[in-house]
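The next block holds one structure in the form of structure tokens; read it before the comments.
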Amino acid sequence: GPNKPLWLLVNKADNDTLTQAGSEFYRLGVEPVFFVSATTGRGIQVLREALQAFVQQVPAEEIPAGPRFALIGRPNVGKSSLLNALVRAPRALVSDKPGTTRDALYEPAEWQGRRFFWIDTAGLRRKARIPSHSLERYAALRSLEALFHADVVLLVLDAAEPLTGQDLALLRQAEQKGRGLVLLVNKTDLLPPDEQKRLLEWIRRRVRPLDPVPILAVSALTGRGLSDIPKAAFQVYDAGQHTLPTRLLNDRLLPVLRQHPHPVVGTYHPSVRFLQQVGTAPPTFLLHVRHGDKLRSSYLDFVRKQIRALYPFTGWWIHLRLREEGE
211 GPNKPLWLLV NKADNDTLTQ AGSEFYRLGV EPVFFVSATT GRGIQVLREA
261 LQAFVQQVPA EEIPAGPRFA LIGRPNVGKS SLLNALVRAP RALVSDKPGT
311 TRDALYEPAE WQGRRFFWID TAGLRRKARI PSHSLERYAA LRSLEALFHA
361 DVVLLVLDAA EPLTGQDLAL LRQAEQKGRG LVLLVNKTDL LPPDEQKRLL
411 EWIRRRVRPL DPVPILAVSA LTGRGLSDIP KAAFQVYDAG QHTLPTRLLN
461 DRLLPVLRQH PHPVVGTYHP SVRFLQQVGT APPTFLLHVR HGDKLRSSYL
511 DFVRKQIRAL YPFTGWWIHL RLREEGE
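Sequential numbering from 211 applies to the sequence shown in this note's numbering.
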């Protein structure tokens, strides 16, 4: 398009002789020209460095200040329908036609006087326009993109098939990226009330390390539960900003940890000596430990549980860092 930089790549320039022969490409009037070889890797490093320098000159997309919430999930769980209902405006579907694809956009919204943004990743491509084998990968990339931009992600589950392998993979991504989480179980209008209750309880058991986490039964079709979604997202967002005072942490937790010491490992007595919160959203705690390499993950889960007893950090994974005493 006009005003877009144009670079010329000449492939198969496997040696100096071929590179010199290729110098006639300069006559095309396109600069810069890069002579590369996909076979030998020749010239690739120069191209990579030029690309990195160019990217650093390009201003990043402006990300608005304020809470950013995103609906994520696998194909056909109803993300687009839910977002349409939440912002009450039709979204453009993405097709293969030029100019119709839209990347992450920020839809301003307000809840009880608080401004926030929905991240709209333009939904999925129309099924008729994309091969079925590409659809899931495309949807996954869209969800990962939304997850990257969001403060809190709302994972949309299908009531008929909740917590599939793809859903669990998105949960792991949210944990690794340090995002807050709300679970939305869509299409619950298709289930009888007692079955809905059992389903929500089953999901809560499956995500117990994250408990408490908001789990909402919603329906894009009937509008059920939609008004509760921003409330739950803000509940998680606000919990992510909370900081526990260091003195409170140690006054309350160290006696409990002394009453429930870590099992002896050989001749070692692993222990937590001091705690402090060093980060928010996600809540991150530094544990000053002795023999930290011997601490079992189950004991660290016990520490997380004691932290949640002081403040629940609803919808957040608690991240722990270990520092060996004396380091």
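Idealized CB from N, CA, C, for every residue including glycine.
Legend entry - Spatial distance of arginine 408 from arginine 415 (CA atoms): Rounded to whole angstroms, the gap between the alpha carbons of arginine 408 and arginine 415 is 11 angstroms.
Legend entry - Every unbroken beta strand (DSSP E) within the stretch 440-502, with a cutoff of 3 residues, ordered by chain: Listed in chain order, they are 481-489 and 494-500.
Inset, instruction - Would you grab the beta carbon distance between leucine 436 and valine 392 for me? Rounded to a whole angstrom, and I think it's under 8 angstroms. - result: About 13 angstroms separates the two Cβ atoms, so there is no contact after all.
Inset, instruction - Could you please give me the residues that DSSP links to asparagine 221 through a beta bridge? - result: BP columns for asparagine 221 are empty, so no partner.
Legend entry - Whether isoleucine 282 touches leucine 373 by CB criterion (7 angstroms): Going by beta carbons, isoleucine 282 and leucine 373 fall outside the 7 angstroms limit.
Inset, instruction - Go to serine 412, then tell me how far its alpha helix (DSSP H) extends in each direction, as first and last residue. - result: At residue 412 the sequence reads tryptophan, which differs from the serine that was named. Residues 403-416.
Legend entry - Proximity winner among Ser481, Asn396 and Asp511, relative to proline 285 (alpha-carbon distances): Out of Ser481, Asn396 and Asp511, the CA that lies nearest to the CA of proline 285 is found in Asn396.
Inset, instruction - Flag this pair as yes or no: are the beta carbons of glutamine 516 and valine 482 separated by less than 7 angstroms? - result: It is not a contact, given that the beta carbons lie outside the stated cut-off.
Inset, instruction - Just mark alanine 260 as buried or exposed, buried being the case when its beta carbon has 16 or more other beta carbons within 10 Å. - result: In this structure alanine 260 is exposed. Its beta-carbon is surrounded by fewer than 16 other beta-carbon atoms within 10 angstroms.
Legend entry - 8 angstroms contact criterion, which leucine 394 and valine 366 should meet: CB distance rounded: That pair is a contact at about 5 angstroms.
Inset, instruction - Please go through the same chain and pick out, in chain order, the residues whose beta-carbon is closer than 8 angstroms to the beta-carbon of arginine 533, but skip the five residues on each side of it. - result: Excluding positions up to five away in sequence, the list reads Leu496, Leu497, His498, Val499 and Gly502.
Inset, instruction - Could you spell out where the alpha helix (DSSP H) holding arginine 382 opens and where it closes? - result: Unbroken alpha helix (DSSP H) run through arginine 382: 375-387.
Inset, instruction - Following the continuous beta strand (DSSP E) through valine 282, name the residue where it begins and the one where it ends. - result: Residue identity differs from the one stated: residue 282 is isoleucine in this sequence, not valine. Element bounds for isoleucine 282: 278-282.
Inset, instruction - Name the residue from Gly450, Gln469, Arg462 and His359 whose alpha carbon lies nearest to the alpha carbon of isoleucine 528. - result: Ranking the options by Cα distance to isoleucine 528, first place goes to Gly450.
Inset, instruction - For lysine 504, I'd like the list of residues in its chain whose CB is within less than 6 angstroms of its CB, leaving aside the five on either flank, ordered along the chain. - result: Closer than 6 angstroms at Cβ, skipping near neighbours: Val475, Tyr478 and Pro480.
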